[in-house]
Amino acid sequence: MSGGVWVVMVAAAAAAGASAAVQKRPLLERFAGPAAAELKLPFSEAVRVGDVLYLSGQIGLQPGTRALVAGGIVPETRQTLENVKRVLEAHGSSLDRVAKCTVFLADMTEWPRMNEVYVTFFANALPARSALGANGLALGARVEIECIAVVGS
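Residue numbering for the sequence shown is 177 to 329, as defined by my numbering.
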């Protein structure tokens, strides 16, 4: 058997094994997460479809509470992105693997101050992004951010 044929056979066997491992994972997984479960929130904090993780919108809640951090748009944005980071890491991803974010603002005039904080979290890998004004966010938040990220190797 020539070396090239052997390499192809080994590669095919490895691919078949990898396919079997991938097939064991459900196509769609929903993750309530400890905060959502503890606070009895009516949604999953994230849903994984294949190698894509969809995060529910995060707001600037202090961890484990229904209380927003005090101080307005800057601390709320910082806490919101810390919450995004925590959810990503809990489900096998990270900020540098975020492909797209959608930012909802209660007041679009606060966009420049939100953006000053936002770019510090994505300094080396800016995802695609949309930003829009909303006529009210959950619990009176100033900002809500949802993301789509890649997971796996």
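The C-beta atom is built at its ideal place from N, Cα and C for all residues, glycine as well. Values in this document were obtained by computation on a predicted structure and should not be read as measured data.
DSSP beta-bridge partners of residue i
| i | result |
| --- | --- |
| K276 | A304, I324 |
| V319 | L281 |
| Q255 | BP columns for Q255 are empty, so no partner. |
| G309 | L281 |
For residue j and residue i, the rounded distance between their alpha carbons
| i | j | result |
| --- | --- | --- |
| E170 | G328 | The shown model of the chain, from 177 to 329, leaves out residue 170, and the question about it has no answer. |
| V186 | E322 | Confidence at V186 is low in this model, with a pLDDT of 39, below 50, so the placement of that residue is unreliable and no value is reported for it. |
| Q255 | A317 | 11 Å |
| S220 | A208 | 4 Å |
| V228 | L302 | 17 Å |
| F297 | P239 | 18 Å |
| E252 | P288 | 14 Å |
| K261 | P202 | 24 Å |
| D272 | L313 | 26 Å |
| N300 | L315 | 32 Å |
| V263 | A304 | 19 Å |
| V293 | A246 | 16 Å |
| V141 | S270 | The question about residue 141 has no answer, for the chain in this structure spans 177 to 329. |
| T241 | E265 | 20 Å |
Same chain only: Cβ atoms within 8 Å of residue i, ignoring 5 sequence neighbours per side
| i | result |
| --- | --- |
| A243 | L237 |
| Y310 | The question names Tyr, yet the displayed sequence has Ala at residue 310. Cβ neighbours of A310 beyond the five flanking positions: F280, L281, A282, E320. |
Delimiting residues of the alpha helix (DSSP H) encompassing residue i
| i | result |
| --- | --- |
| V223 | Where V223 is concerned, there is no enclosing alpha helix (DSSP H), although the beta strand (DSSP E) it sits in stretches over 222-225. |
| R289 | 287-297 |
Range covered by the beta strand (DSSP E) that runs through residue i
| i | result |
| --- | --- |
| V228 | 228-231 |
Nearest-angstrom Cβ-Cβ length linking residue i and residue j, presumed shorter than 8 Å
| i | j | result |
| --- | --- | --- |
| K276 | I235 | Contact doesn't hold; Cβ gap of about 18 Å is too wide. |
| E320 | G233 | 4 Å |
Neighbourhood of residue i by C-beta, 7 Å cutoff - its chain only, sequence neighbours within 5 removed
| i | result |
| --- | --- |
| E286 | I249, R318 |
Cβ shell of residue i (< 6 Å), same chain only, five flanking positions each side left out
| i | result |
| --- | --- |
| G268 | V327 |
| S306 | T278 |
| M284 | G309 |
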